[in-house]
Amino acid sequence: MMKSTSKKVKQDLSVVIARNVIRVFLVLWSITIIIPIVWTLMTSLKSNGEILKDAWSLPAKLQWVNYKIAWDEANFSKYFGNSLLLSVGTVALTLLLTTTTSYVVAKFVHPLINGIGKFYALFMMVPQVLLLIPLYKLCQRWQLTNGSTVFLTLMITNALQGMPFYVFLMTPFIKGLNNSIFEAAEIDGANQFQAFFRLVIPMSLPAIFMVCLLSFVGIWNEYGMSITFIQESAYFTVSVGIQDIMNNSKEFTDNVKFAALMLAMIPILIVYIIFQKPLQNGLSSSDGVKG
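So the number in the numbering used here is just where the residue sits in the sequence shown, counting from 1, plus 13.
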């Protein structure tokens, strides 16, 4: 009895120590993320003279004009609109492709479908940077990088490259949906399209929301494809536009550049702050509705 009690106490102590170590690590990790954001915000509200004098001091007077200059004179409003268009379009296309593919992979039994699932799992291991140049050369040959057509090209390529991962996330959720629900719908005369739109979509909303959120954040921050495919400055996205602003050191001062950085971060910060709980729910409910 004494032995089992002592063993249990040791196990409880090890669990407490492990939890505290994890908490300390998470606190330190949070600090390393928060400090750069706060410093960027603080610097964006300074005059350029204050930055050169002391980079770590608080602004003597909040210079909100820096944001106006970045938004208007640095064309950030244009970059913002381009990124919003690209992100929303890619998310819509990703959602269409991911939900339909996940439904087929999860609920249909066929050797070909099993092969598709394995292909997606294999494709996830391929670094996307390896496909960058071949994709660009192919799209350039077909004149899909000219003008505003580049947005449609980026929507399609980004959605296709993101599909394997999002199918990997959604398939277990849809697979966990009770088959008896689909059997009852089939008895009532529902076809596959009706079952998909009336059953799968409503019951998979947590997973769908998770895919939308992750896809939006990923496309908003995407840089490699955009800098390669977009040739005209009028179609620059936020990530490419930031680089363009940073390169124009003579035209824009450091405080304006930091204001542009904050403008680029604000949508992502808002998304994470508002939708943090739904994202956690979507990640934790990946088993679907079992019966």
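Note that beta-carbon positions come from the ideal geometry of N, C-alpha and C, so glycine has one too. Model, not experiment: these values are computed from the prediction.
Start and end of the alpha helix (DSSP H) containing Glu196?
Working through the sequence shown from its first residue, we reach residue 196 at position 183. Start and end: Asn192 to Ile200.
If you drop the 5 nearest sequence neighbours on each side, which residues of the same chain put their C-beta closer than 7 Å to that of Pro72?
What you label residue 72 is simply residue 59 of the sequence shown in a count that begins at 1. For Pro72, where only same-chain residues beyond five positions count, the Cβ hits under 7 Å are Met55, Leu58, Lys59 and Glu63.
Cα separation between Leu173 and Phe121?
In the sequence shown, counting from the first residue as 1, residue 173 sits at position 160. In the sequence shown, counting from the first residue as 1, residue 121 sits at position 108. Roughly 21 Å separates the two Cα atoms.
So, for Pro280: in the same chain, excluding its five sequence neighbours on each side, which residues have a beta-carbon less than 7 Å away from its beta-carbon?
For the purposes of this step, residue 280 is identified with residue 267 of the sequence shown, where counting begins at 1. Hits under 7 Å: Trp233.
What do you get for Val253, buried or exposed, if any count of 16 or more other CB atoms within 10 angstroms of its CB means buried?
Reading the sequence shown from its first residue, position 240 is the one you call residue 253. Buried, since its Cβ has 16 or more Cβ neighbours within 10 Å.
Please report the straight-line C-alpha distance between Ile50 and Asn192, rounded to a whole angstrom.
Within the sequence shown, numbered from 1, the residue matching residue 50 stands at position 37. Within the sequence shown, numbered from 1, the residue matching residue 192 stands at position 179. Approximately 47 Å, taken between the alpha carbons.
Does Leu99 come out as helix, strand or coil in the three-state DSSP assignment?
Here residue 99 is taken as the residue at index 86 of the sequence shown, counted from 1. Note: Leu99 maps to helix in three-state DSSP.
Determine the direct distance from the alpha carbon of Met259 to that of Leu167, and round the result to whole angstroms.
Residue numbering aside, residue 167 sits at position 154 when the sequence shown is read from its first letter. Residue numbering aside, residue 259 sits at position 246 when the sequence shown is read from its first letter. For Leu167 and Met259, the distance between alpha carbons rounds to 24 Å.
Would you say the segment 222-238 touches the segment 120-138, given that touching needs at least three Cβ pairs under 8 Å?
no
Using 8 Å for Cβ pairs, my map puts Ser228 next to Ile187. What's the rounded Cβ distance?
Counted from its first residue, the sequence shown places residue 228 at position 215. Counted from its first residue, the sequence shown places residue 187 at position 174. Going by Cβ atoms, the distance from Ser228 to Ile187 rounds to 17 Å, so no, they are not a contact pair.
Could you check if Lys290 is buried or exposed, using at least 16 other CB atoms within 10 Å of its CB as the buried criterion?
As a first step, residue 290 must be located in the sequence shown, where it is residue number 277. Label assigned to Lys290: exposed.
Compare the C-alpha of Phe209 against each of Thr184, Tyr116 and Arg32 and name the closest.
Along the sequence shown, read from residue 1 onward, the residue named residue 209 stands at position 196. Nearest C-alpha to Phe209: Tyr116.
Alpha carbon of Thr158 to alpha carbon of Trp77, nearest angstrom
Counting from 1 along the sequence shown, the entry for residue 158 is found at position 145. Counting from 1 along the sequence shown, the entry for residue 77 is found at position 64. Spanning the two alpha carbons is a distance of roughly 37 Å.
Kindly list the residues whose CB is nearer than 7 Å to the CB of Leu99, restricted to its own chain and excluding five residues on each side of it in sequence; keep chain order.
Taking the first residue of the sequence shown as 1, we reach residue 99 at position 86. Excluding positions up to five away in sequence, the list reads Phe164, Leu167, Met168, Ile232 and Thr250.
Roughly how many angstroms lie between the CA atoms of Gly202 and Tyr285, to the nearest whole one?
Mapped onto the sequence shown, residue 202 falls at position 189. Mapped onto the sequence shown, residue 285 falls at position 272. Rounded to whole angstroms, Gly202 to Tyr285 spans 42 Å at the Cα level.
Give the secondary structure of Tyr236 by DSSP, where H, G and I count as helix, E and B as strand, and everything else as coil.
Translated into positions along the sequence shown, residue 236 becomes position 223. Note: Tyr236 maps to coil in three-state DSSP.
Identify every run of the alpha helix (DSSP H) within the segment 67-140, keeping only runs that are complete inside it and at least 4 residues long; order them along the chain.
78-85, 89-120 and 124-136
Cβ-based burial, Lys270 [other Cβ within 10 Å; buried from 16]:
The count along the sequence shown starts at 1 and reaches residue 270 at position 257. With 16 or more Cβ atoms within 10 Å of its Cβ, Lys270 is classed as buried.
Please report the residue range of the alpha helix (DSSP H) in which Val163 lies.
Counted from its first residue, the sequence shown places residue 163 at position 150. Start and end: Thr162 to Lys188.
For the ligand SAM, is there a heavy atom less than 7 Å away from the beta-carbon of Thr113?
Among the ligands in the structure shown, none appear at all, so the ligand SAM cannot be discussed.
Roughly how many whole angstroms lie between the Cα atoms of Tyr80 and Ala31?
Reading the sequence shown from its first residue, position 67 is the one you call residue 80. Reading the sequence shown from its first residue, position 18 is the one you call residue 31. If you take the alpha carbons of Tyr80 and Ala31, they lie about 45 Å apart.
Nearest to Pro140 by CA position, among Gly237, Phe265 and Asp25, is which residue?
The sequence position of residue 140 within the sequence shown is 127, counting from 1. Comparing Cα-Cα distances from Pro140 to each of Gly237, Phe265 and Asp25, the minimum goes to Gly237.
For the alpha helix (DSSP H) containing Ser252, name the first residue and the last one.
Residue mapping note: residue 252 aligns to position 239 of the sequence shown, counting from 1. Segment Val251 to Asn260, the alpha helix (DSSP H) holding Ser252.
Could you check which residue in Thr114, Leu143 and Met138 has the C-alpha nearest to that of Ile129?
As a position in the sequence shown, residue 129 is number 116, starting the count at 1. Taking only the C-alpha atoms, the option nearest Ile129 is Thr114.
Alpha carbon to alpha carbon, how far is Thr266 from Val180?
Translated into the one-based positions of the sequence shown, residue 266 becomes position 253. Translated into the one-based positions of the sequence shown, residue 180 becomes position 167. Each residue's Cα considered, the two are about 44 Å apart.
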